[in-house]
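**Q** Just add 62 to the spot in the sequence shown (first one is 1) and you have the working numbering.
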Amino acid sequence: MKVLWSWLLEFCDLDNQPTVEEGARALTRGGLEIEALTNLGAGFSGVVVAQVVGKKPHPDAAKLTLVDVITDTGGTATQVVCGASNVPEPGRKVLWAQVGATLPNGMTLAAKPVKGIVSPGMLCAEDELGLGDDHA
Numbered sequence: 063m064k065v066l067w068s069w070l071l072e073f074c075d076l077d078n079q080p081t082v083e084e085g086a087r088a089l090t091r092g093g094l095e096i097e098a099l100t101n102l103g104a105g106f107s108g109v110v111v112a113q114v115v116g117k118k119p120h121p122d123a124a125k126l127t128l129v130d131v132i133t134d135t136g137g138t139a140t141q142v143v144c145g146a147s148n149v150p151e152p153g154r155k156v157l158w159a160q161v162g163a164t165l166p167n168g169m170t171l172a173a174k175p176v177k178g179i180v181s182p183g184m185l186c187a188e189d190e191l192g193l194g195d196d197h198a
């Protein structure tokens with residue numbers, strides 16, 4: 063079974079363990095077998111989970127979508143230009159690489175115009191972050 067470390071911290075008293083590795087050793091001593099540890103965040107930074115609150119076609123590019131997203135910290139919606147054909151409907155979650163984010167390929171994102179509209183970062187698929195093979 064694969065579980066997130068943050069999820070384990072909600073249910074197990076592991077706050078006194080300074081590293082994930084030491085926490086895994088503590089779980090093993092308690093009778094739980096840990097087969098492997100995988101750092102899913104290795105290789106990228108500045109990527110947050112955001113909620114889609116709106117989307118509409120780009121006025122100057124048929125294959126682009128303007129996606130309004132918000133983070134769980136609230137605030138106003140931010141419009142991101144997206145080239146994916148499968149942009150989720152409002153209410154769904156996406157991975158948003160914000161301005162300053164670094165991707166596994168070494169690229170650091172900046173706000174750039176895409177067909178005349180500035181996009182503050184990009185919405186990412188699993189494969190773009192090295193999390194899997196899915197480009198959806």
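Even for Gly, the Cβ is constructed at its ideal location relative to N, Cα and C. Just so we're clear, the structure is a prediction, and the values are computed from it rather than from any experiment.
1) Whole angstroms is fine: what's the gap from residue 96's alpha carbon to residue 156's?
2) Taking the alpha helix (DSSP H) that residue 135 falls in, what are its first and last residues?
3) Thinking C-alpha only, which one of 125, 102, 106 and 136 is nearest residue 113?
4) Let me know the secondary structure DSSP gives residue 126 once reduced to three states.
5) By the three-class DSSP mapping on this structure, what secondary structure does residue 68 have?
6) Count the other CB atoms within 10 Å of the CB of residue 81; is the residue buried (16 or more) or exposed (fewer)?
7) Ordered along the chain, which non-local residues of its own chain (more than five positions away) have a Cβ less than 6 angstroms from that of residue 109?
8) With a cut-off of 8 angstroms, do at least 3 Cβ pairs link the region 164-172 to the region 119-128?
9) Do residue 152 and residue 116 count as a contact pair if the criterion is CB distance below 7 angstroms?
10) Note down, in chain order, each residue of its chain lying with its Cβ closer than 7 angstroms to the Cβ of residue 145, except the 5 sequence neighbours on either side.
11) Tell me which residues share the same chain as residue 122 and place their Cβ nearer than 7 angstroms to its Cβ, disregarding the 5 neighbours each side in the sequence.
12) Which residue wins for smallest C-alpha separation from residue 111, given the options 187, 197 and 147?
13) Quick one: what does DSSP say residue 104 is sitting in, helix, strand or coil?
**A** Straight from the coordinates:
1) The straight-line gap separating the alpha-carbon atoms of residue 96 and residue 156 is approximately 29 angstroms.
2) No alpha helix (DSSP H) contains residue 135, which DSSP labels as neither H nor E.
3) Taking each of 125, 102, 106 and 136 in turn and checking the Cα distance to residue 113, the smallest one comes out for 136.
4) In the structure shown, residue 126 sits in a strand (DSSP, three-state: E or B).
5) Residue 68 sits in a helix when the DSSP states are folded into three classes.
6) When all chains shown are included, residue 81 counts as exposed.
7) Cβ neighbours of residue 109 beyond the five flanking positions: 157, 159 and 163.
8) No: the two stretches stay apart, fewer than three of their Cβ pairs being nearer than 8 angstroms.
9) With respect to residue 152, residue 116 sits close: the two C-beta atoms are nearer than 7 angstroms.
10) If we look at residue 145 and ignore the five residues flanking it on each side, its Cβ neighbours are 125 and 126.
11) Within the same chain, residue 122 has close Cβ partners 177 and 178.
12) That would be 187, whose Cα lies nearest to the Cα of residue 111.
13) Of the three classes helix, strand and coil, the one that applies to residue 104 here is coil, per DSSP.
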